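Single-structure report; data block below.
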Amino acid sequence: MNSVERMLVPAQQAEDGLSNADTWESGTKVWASSEEQILKCARVVDETHDVKSFEFRVGDGTPVRFEPGQFMTVSAYIQGRTVQRCYTISSPPTRPYLLSITVKRVLGGIVSNWLHDNMKPGSQLRAYGPSGSFTPTVAPAAKKSLYLSAGSGVTPLMSMTRASIDLGLDRDIVFVHSARTPADIIFRKELERLVALSPRLRTFFLCEGIGDESDWPGPIGRLSLQQLSEWVPDYAEREVFTCGPDGYMKAAQTLLREGGHNPARYHQESFDFSAGAATVETARTAETAAPQGDASQGTFTVKLSRSSKTFTMSASETVLAAAKKAGVAIPSSCSQGICGTCKTKVLEGEVDMKHNGGIRDRDVQKGFRLLCCSRPTSDLVLEL
1 MNSVERMLVP AQQAEDGLSN ADTWESGTKV WASSEEQILK CARVVDETHD VKSFEFRVGD
61 GTPVRFEPGQ FMTVSAYIQG RTVQRCYTIS SPPTRPYLLS ITVKRVLGGI VSNWLHDNMK
121 PGSQLRAYGP SGSFTPTVAP AAKKSLYLSA GSGVTPLMSM TRASIDLGLD RDIVFVHSAR
181 TPADIIFRKE LERLVALSPR LRTFFLCEGI GDESDWPGPI GRLSLQQLSE WVPDYAEREV
241 FTCGPDGYMK AAQTLLREGG HNPARYHQES FDFSAGAATV ETARTAETAA PQGDASQGTF
301 TVKLSRSSKT FTMSASETVL AAAKKAGVAI PSSCSQGICG TCKTKVLEGE VDMKHNGGIR
361 DRDVQKGFRL LCCSRPTSDL VLEL
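Numbering (UniProt numbering), first residue to last: 1 to 384.
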């Protein structure tokens with residue numbers, strides 16, 4: 001049995017493999033979010049006039065395990081400095097040998113423009129392992145789903161949809177996507193093809209304007225409760241996953257609440273796709289501005305199990321901030337306990353962690369913590 005077959009076995013045993021975390025935890029390589037790998041570009045696909053998908057193989061050619069909807073942090077050396085950005089993996093985990101990210105060229109965007117101008121088959125890119133909790137496994141009992149996306153926020157929901165189709169689940173999914181014009185609809189043709197493969201998948205497109213497509217048959221404007229009710233009369237019964245610019249997600253959440261949807265069944269991606277990805281520069285500013293405790297609380301020793309490096313830190317600092325001061329490279333992005341990039345296993349000791357949704361309970365139970373929002377309460381040994 002090969003690795004792909006091993007990965008699919010749990011899905012055959014479960015009622016719905018898409019929402020079963022075990023589906024994505026068997027048979028393939030564990031690529032920790034703190035581990036850097038070299039990716040080799042295999043293909044570049046033009047999705048729209050300003051959006052490209054970049055498909056990569058892991059350097060050693062092994063398959064990679066992740067959950068649909070997760071992201072990875074890419075690291076590029078641009079204009080004399082290393083810049084990191086988070087991009088959702090748009091490919092499904094059912095195709096573990098080829099990872100893709102789908103990137104919109106953003107005006108002034110350092111990494112997005114660099115990728116569009118420089119990345120080609122054969123090029124290499126450094127990246128940290130998959131992370132994030134915006135996946136269907138947060139709602140394993142959900143029978144019906146509603147996907148709401150705008151712009152490049154379509155990417156995690158596309159990974160979820162592709163995985164569902166690949167697993168042959170024929171899940172009840174309604175996919176509503178908003179774009180500026182019909183020409184800006186990312187994955188438009190593929191979504192139309194997937195609808196033909198899965199009778200219970202329905203897609204709706206909403207555009208702000210028609211652009212050059214004068215015969216556009218769809219509605220024009222922004223998503224409203226009236227339009228949603230017309231397309232999805234049972235939206236209140238569905239598990240909702242939303243991704244897009246911050247303003248879009250806030251508007252979607254508001255109209256759903258006005259329509260009586262249970263907020264407990266609403267999930268959204270945490271970092272802002274309007275800027276293309278979360279930025280390290282913003283993260284470091286937030287990290288510096290984090291409230292500092294009383295230095296008189298004392299200091300603690302932090303040991304890294306893999307490198308045997310040791311440093312001391314104040315109880316008032318976050319572990320991430322102290323590690324960076326000590327010259328320890330740890331992948332991070334939001335530094336606010338949201339994105340999950342800095343998730344690390346604490347082998348010994350205790351920390352006080354105050355996160356904002358970037359880590360799941362099952363990971364906490366396994367000993368993982370987000371270093372950006374964790375302060376030590378004892379000496380620590382970290383799996384780094």
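The C-beta atom is built at its ideal place from N, Cα and C for all residues, glycine as well.
Given the structure is predicted, the values throughout are model-derived calculations rather than measurements.
Cβ neighbour criterion (16 or more within 10 Å) applied to Ala142: Here the question's residue 142 lines up with position 142 in the sequence shown. Result: buried.
From Gly298 to Ala322, what does the alpha carbon distance come to, in whole angstroms? For the purposes of this step, residue 298 is identified with residue 298 of the sequence shown, where counting begins at 1. For the purposes of this step, residue 322 is identified with residue 322 of the sequence shown, where counting begins at 1. Spanning the two alpha carbons is a distance of roughly 14 Å.
If you follow the alpha helix (DSSP H) that Leu161 is part of, which residue opens it and which one closes it? By 1-based counting over the sequence shown, the position of residue 161 is 161. Here residue 161 turns out to be Thr, not Leu, going by the sequence shown. Here the alpha helix (DSSP H) through Thr161 covers 154–166.
Just to check my reading of the structure: Thr242 and Ser159 have Cβ atoms closer than 8 Å, yes? What is that Cβ distance to the nearest angstrom? On the sequence shown, residue 242 is found 242 positions in, with the first residue counted as 1. On the sequence shown, residue 159 is found 159 positions in, with the first residue counted as 1. No, Thr242 and Ser159 are not in contact; Cβ-Cβ is about 15 Å, not under 8 Å.
What are the uninterrupted segments assigned as alpha helix (DSSP H) that are 4 or more residues long and contained completely in the region 181–244, given in chain order? 188–197, 225–231
Sub-9 Å separation of Lys40 and Val58 beta-carbons: Along the sequence shown, one-based indexing puts residue 40 at 40. Along the sequence shown, one-based indexing puts residue 58 at 58. The answer is yes: Cβ separation under 9 Å.
Let's test the definition: count the other Cβ atoms within 10 Å of the Cβ of Pro375 and tell me whether it reaches 16, buried, or not, exposed. Numbered from its first residue, the sequence shown carries residue 375 at position 375. Looking at the sequence shown, residue 375 is not Pro but Arg. That one is buried.
Continuous beta strand (DSSP E) stretch holding Gly129: start and end: For the purposes of this step, residue 129 is taken as residue 129 along the sequence shown, with counting starting at 1. Here the beta strand (DSSP E) through Gly129 covers 124–131.
Quick one: what's got a C-beta closer than 7 Å to Thr285's C-beta in the same chain, skipping five residues either side? As a working mapping, residue 285 is identified with position 285 in the sequence shown. Only weak support exists for where Thr285 lies, its pLDDT of 31 falling under 50; the value from the coordinates is given anyway. Excluding positions up to five away in sequence, the list is empty.
Can the beta-carbon of Cys300 be found closer than 9 Å to that of Thr310? Taking the first residue of the sequence shown as 1, we reach residue 300 at position 300. Taking the first residue of the sequence shown as 1, we reach residue 310 at position 310. It should be pointed out that residue 300 corresponds to Phe in this sequence rather than to Cys. Not a contact, by the Cβ cut-off of 9 Å.
Cα separation between Leu191 and Thr203? For the purposes of this step, residue 191 is taken as the residue at position 191 of the sequence shown. For the purposes of this step, residue 203 is taken as the residue at position 203 of the sequence shown. Approximately 7 Å between the Cα atoms of the pair.
Between the CA atoms of Tyr128 and Lys52 - distance to the nearest angstrom: The sequence position of residue 52 within the sequence shown is 52, counting from 1. The sequence position of residue 128 within the sequence shown is 128, counting from 1. Approximately 20 Å between the Cα atoms of the pair.
Taking the beta strand (DSSP E) that Tyr147 belongs to, which residues open and close that run? Here residue 147 is taken as the residue at index 147 of the sequence shown, counted from 1. Per DSSP, Tyr147 belongs to the beta strand (DSSP E) from 144–150.
Consult DSSP for Asp117 and reduce its assignment to one of helix, strand or coil. As a first step, residue 117 is located in the sequence shown; it is residue number 117 there, counting from the start. Helix, per DSSP.
Here's a check: name, in chain order, each residue in its chain whose Cβ is nearer than 7 Å to the Cβ of Val346, leaving out the five neighbours to either side. For the purposes of this step, residue 346 is taken as residue 346 along the sequence shown, with counting starting at 1. Cβ within range, chain order: Gly367, Arg369, Leu380, Leu382.
Count Cβ pairs between the region 228–244 and the region 161–177 that sit closer than 8 Å; are there 3 or more? Counting Cβ pairs under 8 Å, three or more are found: they touch.
Thinking C-alpha only, which one of Gln79, Leu371, Ser224, Tyr147 is nearest Asn118? What you label residue 118 is simply residue 118 of the sequence shown in a count that begins at 1. Nearest C-alpha to Asn118 among Gln79, Leu371, Ser224, Tyr147: Gln79.
Please say whether Ala183 and His267 have beta carbons closer to each other than 9 Å? Working through the sequence shown from its first residue, we reach residue 267 at position 267. Working through the sequence shown from its first residue, we reach residue 183 at position 183. Their beta carbons are not under 9 Å apart, which means His267 does not touch Ala183 by this criterion.
Following the continuous alpha helix (DSSP H) through Gln248, name the residue where it begins and the one where it ends. Here the question's residue 248 lines up with position 248 in the sequence shown. According to the sequence as given, residue 248 is Tyr; it is not Gln. Segment 246–258, the alpha helix (DSSP H) holding Tyr248.
Return the CA-CA distance between His261 and Ala236, expressed in angstroms with no decimal places. The sequence position of residue 261 within the sequence shown is 261, counting from 1. The sequence position of residue 236 within the sequence shown is 236, counting from 1. Here the C-alpha atom of His261 lies approximately 5 Å from the C-alpha atom of Ala236.
Output yes or no for whether 9 Å exceeds the beta carbon distance between Glu67 and Pro130. Locating residue 67 in the sequence shown gives position 67, counting from the first residue. Locating residue 130 in the sequence shown gives position 130, counting from the first residue. Yes, the pair counts as a contact, with Cβ atoms nearer than the cut-off.
Using only the alpha-carbon positions, how far apart do Asn113 and Thr82 sit? If you number the sequence shown from 1, residue 113 lands on position 113. If you number the sequence shown from 1, residue 82 lands on position 82. For the pair Asn113 and Thr82, the Cα-to-Cα distance works out to about 15 Å.
What residue range does the beta strand (DSSP E) around Ala76 cover? Translated into the one-based positions of the sequence shown, residue 76 becomes position 76. Its beta strand (DSSP E) spans residues 71–78.
Let's test the definition: count the other Cβ atoms within 10 Å of the Cβ of Gln365 and tell me whether it reaches 16, buried, or not, exposed. As a position in the sequence shown, residue 365 is number 365, starting the count at 1. Classification for Gln365: exposed.
Out of curiosity, what's the CA-to-CA distance linking Ser123 and Gln226? If you number the sequence shown from 1, residue 123 lands on position 123. If you number the sequence shown from 1, residue 226 lands on position 226. Roughly 47 Å between the two C-alpha positions.
Taking the straight line between their C-alpha atoms, what separation do you get for Gly221 and Pro245? For the purposes of this step, residue 221 is identified with residue 221 of the sequence shown, where counting begins at 1. For the purposes of this step, residue 245 is identified with residue 245 of the sequence shown, where counting begins at 1. Rounded to whole angstroms, Gly221 to Pro245 spans 16 Å at the Cα level.
Per the DSSP calculation, Arg360 is bridged to which residue(s)? Along the sequence shown, read from residue 1 onward, the residue named residue 360 stands at position 360. DSSP lists no partner for Arg360.
For His92, count neighbouring Cβ atoms within 10 angstroms of its own Cβ and tell me buried if that reaches 16, exposed if not. Translated into positions along the sequence shown, residue 92 becomes position 92. The residue you asked about is not His; residue 92 is Pro in the sequence shown. With 16 or more other Cβ atoms within 10 Å, it is buried.
Status (buried if at least 16 other CB within 10 Å, exposed otherwise) for Arg85: Residue mapping note: residue 85 aligns to position 85 of the sequence shown, counting from 1. Buried: at least 16 other Cβ atoms inside 10 Å.
If I follow the unbroken beta strand (DSSP E) through Leu384, where does it start and stop? Indexing the sequence shown from 1 puts residue 384 at position 384. Run containing Leu384: none; DSSP gives neither H nor E here.
Pull up the CB-CB distance for Asp170 and Arg126, whole angstroms please, since I reckon it's below 8 Å. Mapped onto the sequence shown, residue 170 falls at position 170. Mapped onto the sequence shown, residue 126 falls at position 126. Rounded to whole angstroms, the Cβ separation of Asp170 and Arg126 is 38 Å, and the two are not in contact under 8 Å.
Same chain, Cβ closer than 7 Å to Glu258, neighbours up to 5 away in sequence not counted: Counting from 1 along the sequence shown, the entry for residue 258 is found at position 258. Contacts found: Leu225.
CA-to-CA distance, Asp212 to Met72, given in whole angstroms: Within the sequence shown, the letter at position 72 stands for residue 72. Within the sequence shown, the letter at position 212 stands for residue 212. If you take the alpha carbons of Met72 and Asp212, they lie about 35 Å apart.
Looking at the structure shown, is Pro93 part of a helix, part of a strand, or coil, going by DSSP? Here the question's residue 93 lines up with position 93 in the sequence shown. In the structure shown, Pro93 sits in coil (DSSP, three-state: anything other than H, G, I, E or B).
Of all the options Asp172, Ser90, Thr318, Arg188, which has the alpha carbon lying nearest to the alpha carbon of Glu350? Walking along the sequence shown from the start, residue 350 turns up at place 350. The residue with the shortest Cα to Cα distance from Glu350 is Thr318.
Close beta carbons around Val154, own chain, < 7 Å, minus the five adjacent residues each side: Stepping through the sequence shown from its first residue, residue 154 is reached at position 154. Around Val154: His177, Ile186, Phe187.
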